[in-house]
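Student: In order, the protein sequences belong to chains D and U.
Mapping the first sequence onto the numbering used here, position 58 (from 1) lands on 158, and the numbers just tick up by one.
Mapping the second sequence onto the numbering used here, position 84 (from 1) lands on 257, and the numbers just tick up by one.
Here a beta-carbon is modelled for each residue, glycine too, at the ideal position from N, C-alpha and C.
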Amino acid sequence: MDFFHLYTAMAAAFALAVAGSLAAKARPAVANWLAHGLSAAGSLLALAGAAFVFSAGPQEFALPGGTLFGTVTVRADYLAAFFLAVIGTVGAAASVYAVAYSREYYGRRLGSMAALYAAFLLSMLVVVTVSHVVAFIVAWELMTVTSFLLVAHEREKAANSRAAYVYFVMTHIGTAFIMAAFLLLVPSSGSMAFADLKAPAGWLRDAAFLCALIGFGTKAGIIPLHVWLPEAHPAAPTHVSAVMSGVMIKTAIYGMARFYLEFLGTGPAWWGAAVLIVAALSSVLGVLYALMQHDVKRLLAYHSVENIGIIQLGMGGGLVFASAGLPGLAGLAWAAALFHVLNHAIFKSLLFMGAGAVLQTTHTRDIEHLGGLIRFMPYTAAFFLAGAVAISGLPPLNGFVSEWLTFQALFALPAALAGLTGKLSAAVLVSLLGLTGALAAACFVKVFAMIFLAKPRSAHVAAAREASGLMLAPMGFLAALCLILGVLPVPLLGLLTRTVAPFFGEAPAATLAAGDWYAVGFKAGATTGTMSPAALVALLLAGALAAAAGYRLYGRAGRTAGETWTCGIVPNARMEYTATGFAEPIRRAFGAILLPKPDVVVERDPHRYFGRRMVFHVKITYVFTELIYRPASRGTVALAHFMKRLQTGSVQLYVGYIMAVTIAVLVWSTRW
Amino acid sequence: MEILAVLLLISAFLLTRTTRLATAVHILLAQSAVVAAACAVAGWQAGEMHMFAAALLTVVVKAGLIPYALLRLVRLLKREREVNPVVGPNGSSLAAVAAMVLSYGLIERALPAVVSRDAVATAVALVLIGLFLIITRRQAIMQIVGLITVENGLYLLGLSTTRGLPLIIELGIFFDVLVMVTVMVILTFRLKRSFQTTDTSILKRLKG
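#1: Per DSSP, what are the beta-bridge partners of D/His-232 in this structure?
#2: Name the one or two DSSP bridge partners that U/Asp-372 has.
#3: Between the beta-carbon of U/Ala-195 and the beta-carbon of U/Val-247, is there less than 7 angstroms?
#4: Along the chain, where does the alpha helix (DSSP H) that runs through D/Ala-373 open and close?
#5: Note down, in chain order, every chain D residue with its Cβ under 7 angstroms from the Cβ of U/Ala-283.
#6: Against chain D, which members of the region 366 to 378 of chain U pass a CB distance test of less than 9 angstroms?
#7: Cβ atoms of D/Val-420 and D/Gly-372: under 7 angstroms apart, would you say?
#8: D/Asp-699 by DSSP, collapsed to three states: which one?
#9: Do you know offhand how far D/Thr-748's Cα is from D/Val-737's?
#10: Does the distance from the C-beta atom of D/Ala-146 to that of D/Gly-188 stay below 7 angstroms?
#11: Can you find the residues in the same chain that come closer than 6 angstroms, C-beta to C-beta, to U/Ser-289, ignoring five residues on each side of it along the sequence?
#12: Can you pull out the residues from the region 463 to 495 of chain D whose beta carbon lies closer than 8 angstroms to at least one beta carbon of chain U?
#13: At which residues does the beta strand (DSSP E) containing D/His-717 begin and terminate?
#14: May I ask you to list, following chain order, the residues of the region 285 to 312 of chain U that have a beta carbon less than 9 angstroms from some beta carbon of chain D?
#15: Please report the distance separating the alpha-carbon of U/Ala-296 from that of U/Gly-261.
#16: If you run the structure through DSSP and keep just helix, strand and coil, what is D/Gly-165?
#17: Anything in chain U within Cβ reach of D/Arg-750, meaning under 9 angstroms, just list it in chain order.
#18: Do we get a CB-CB distance below 7 angstroms when we pair D/Val-761 with the residues of chain U?
#19: Going straight from the alpha carbon of U/Arg-254 to that of U/Thr-192, what length do you get?
#20: Tell me whether D/Asp-177 sits in a helix, a strand or coil according to DSSP, three-state version.
#21: Along chain U, in chain order, which residues have C-beta atoms closer than 7 angstroms to that of D/Gly-756?
#22: Mind checking if D/Leu-285 is an interface residue toward chain U, Cβ cutoff 7 angstroms exclusive?
#23: Any idea if D/Leu-645 is buried or exposed, counting beta-carbon neighbours within 10 angstroms, 16 or more meaning buried?
#24: Considering just the uninterrupted stretch of the alpha helix (DSSP H) at D/Ala-435, what are its terminal residues?
#25: Residues in its own chain within less than 8 angstroms of U/Leu-344 by CB, not counting five upstream and five downstream?
#26: Name the chain U residues whose beta carbon is nearer than 7 angstroms to that of D/Leu-766?
#27: What is the DSSP secondary structure of D/Thr-666, reduced to helix, strand or coil?
#28: Who are the near neighbours of U/Leu-187 in its chain, counting only those whose CB is closer than 7 angstroms to its CB and skipping five residues on each side?
#29: Along the chain, where does the alpha helix (DSSP H) containing D/Gly-346 start, and where does it finish?
#30: For the alpha helix (DSSP H) that U/Glu-175 lies in, which residues bound it at each end?
#31: So which of D/Glu-406, D/Phe-604 and D/Ile-467 has the shortest CA-CA distance to D/Leu-532?
#32: Taking the alpha helix (DSSP H) that D/Arg-305 belongs to, which residues open and close that run?
#33: Please report the Cβ distance between D/Leu-100 and D/Val-715, rounded to the nearest whole angstrom; I am assuming they are in contact, meaning their Cβ atoms lie under 8 angstroms.
#34: For D/Glu-566, I'd like the list of residues in its chain whose CB is within less than 6 angstroms of its CB, leaving aside the five on either flank, ordered along the chain.
#35: DSSP on U/Thr-361, reduced to helix/strand/coil?
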């Protein structure tokens, strides 16, 4: 079995899934199993392809009959294979999950939804492997269109079609910039093949960089281009949200990596600085906005913005190190970014799946209405907790490893930057990353507590049941991956070393392998210090066991069961801590950024000593929406009104315009 | 040729002064006849035989068929006249004078020492005055007259700069003009039938 056959088998599986689910439209159960089963098989084949590349070296073949302004080749180097593996892992888990989750959609256009889902997965896999400008853009747009249709799947709700529309507009702008970025490269290289693409000289190269940053940044959801993300991700069906948030926005990271590492060459330091500024904005604002959300899927979407920011921190660091002539550190920063790509894909799709399981049984996404679900859904709770710990960057799960690596890279950043301003701002970046991690942890304390702990806050929870096995299995699989990658990161680090090595020569690979390239390494033999997550876990476990044993031997058994004492009143759900209340201190602390606008409505009772009703709403201000998007939309409307005034409906006036232009051109042509 | 150019300018000037539709069509007839004569003269000077055919076509189409159709239409539109133009006759005449000055000035600067200076300048002036008529007149017939004036101006410009276009292109242009006027006559008739007036300013209401 060679790579060509693996690739064709993968594409065939997805094509069959599309055709099958469309053919079996009338019988949703058949379409469901067929499409999602074949999608899972195709994702596994993609994983196999990635494994093949990592064992047998980079692969390349010309697409049979594929000529589109030159031969279209499929090229899977280590970078492409890494992204294949990411998409394959999440795709397989999400497809299995989808089999159970899609039962919600029987009789609600399931056939087309499943077909679109399969096409969506395939288009992402093609995006990261195809090695030709036009074919890339075609696959990219296919990915956009299929995901747009999936976001608009429940179009009966007005909010969903609005979200889909915003998504469509934003991603169109992004694609325009991506096309511009590619077209800036094509003339100087004279070919559409990725292998031949070279950067033009001078300011055109900077323009190509900025176009790539804006274009791919729109898809990745960096602030201030993120506005579509918190709208579109909650609107899509949950397994699609998991794939969109976990994987699709990573294809943009892939595109950036291709541009920054391969096409554009080593750039000036300001490229890295620009990426770092955007990254800091995205990570801090992303997590702050996430803290303020009550819709669990929207909250997770904002966390995607935050995590894209963390990935960008690594990439920006890599750009700075590369321009400062430090390939070893650049390799480290890029490896950290790519590691976080995989980690975020895993834990974010896990969290979306957990949220979907809750949504399916309670039919609400508002965490203020949930609570106490741990008793009804213990497995979902456990897996969700694993994802929450991972995304908060706590050891021993995988989020810690990549954030730790990013920290390591950022610690070295002040040395690479000249001048006091640069050094200081690099130090600030480190603290901002720390702030991000802390706020993320706070946010997930809120989410987990509101959904799973305490007493049910509304009747939504009453009928809650544990999710089906088909939904729990992929969640368990992803949770296990979180743990494995957190405890034993070294094999994956080896793969990442090989992924980034081609772009930074052989020397950094050697230093990476030697293991003494960062302050506290994961490998033995490091000169400055070492750390082994496995040993840490073992120590933790030993400590926990010792504590448990001590408790058994010397502890006093004592247990009292009863309601919380509430001054003699029967405690009810309205006395519980709310998500709004939990977020209040942070809302105050960051009031200058969030600009909260509280709104209290008090209904007085005629008897002044008895109960009165209070309704408390708090709205926060989205700075960039107010600063950029609202003026832009106002301006567009104003322009339209102005144009409407030109279009009076009087033919004579139109002829008048023609005459005015004629005279103006005549006069101008004689240089009067 | 210069005499013909002056006659054309006078016709255009008169068009700006009239408010009666039938008069306007008669002036247009005369104008087209002068253009035909100019065509014949140009053909005579250049020794091109096909120019005579073009002149004959001009007489048939622009001085024959089109005025005939317009006059029939005008007879149907009793009591229609240009009552309330955007710019009145005095202002229009001033504008026509300005257009003539502008066109002569433009030709002086753009094409100094060109042989057919008067013809080219007259052509530009005709185009500008025709456009001005379309803009300022509310009656559909007057707008058609303005359009034919623009057409005449363009035709004269073609004559004076190219020594006559190929006959096939002339044929195409004449056919276009004929079809255009036919359509506009029909539309004007429908306008009268539907709204009891041919004042085009009511068409503004079509806009949503």
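Tutor: Let's see:
#1: D/Ala-293
#2: U/Gln-312
#3: yes
#4: 369 to 391
#5: Ser-769 and Thr-770
#6: Thr-373, Ser-374, Leu-376, Lys-377 and Arg-378
#7: yes
#8: strand
#9: 17 angstroms
#10: yes
#11: Ser-333
#12: none
#13: 713 to 719
#14: Val-297, Val-300, Leu-301, Leu-304, Phe-305, Ile-307, Ile-308, Thr-309, Arg-310 and Arg-311
#15: 24 angstroms
#16: strand
#17: The amino acid occupying residue 750 of chain D in the given sequence is Ser; Arg does not appear at that position. Result: Thr-373, Ser-374, Leu-376, Lys-377 and Lys-380.
#18: no
#19: 6 angstroms
#20: coil
#21: Ile-308
#22: no
#23: exposed
#24: 427 to 462
#25: Leu-230
#26: Leu-279
#27: coil
#28: Ile-200
#29: Taken as a continuous stretch (DSSP letters only), D/Gly-346 belongs to no alpha helix (DSSP H), as it is neither H nor E.
#30: 175 to 190
#31: D/Glu-406
#32: 303 to 320
#33: Chain D is shown only over 101 to 772; residue 100 of chain D falls outside these bounds and no answer can be derived.
#34: Met-477
#35: helix
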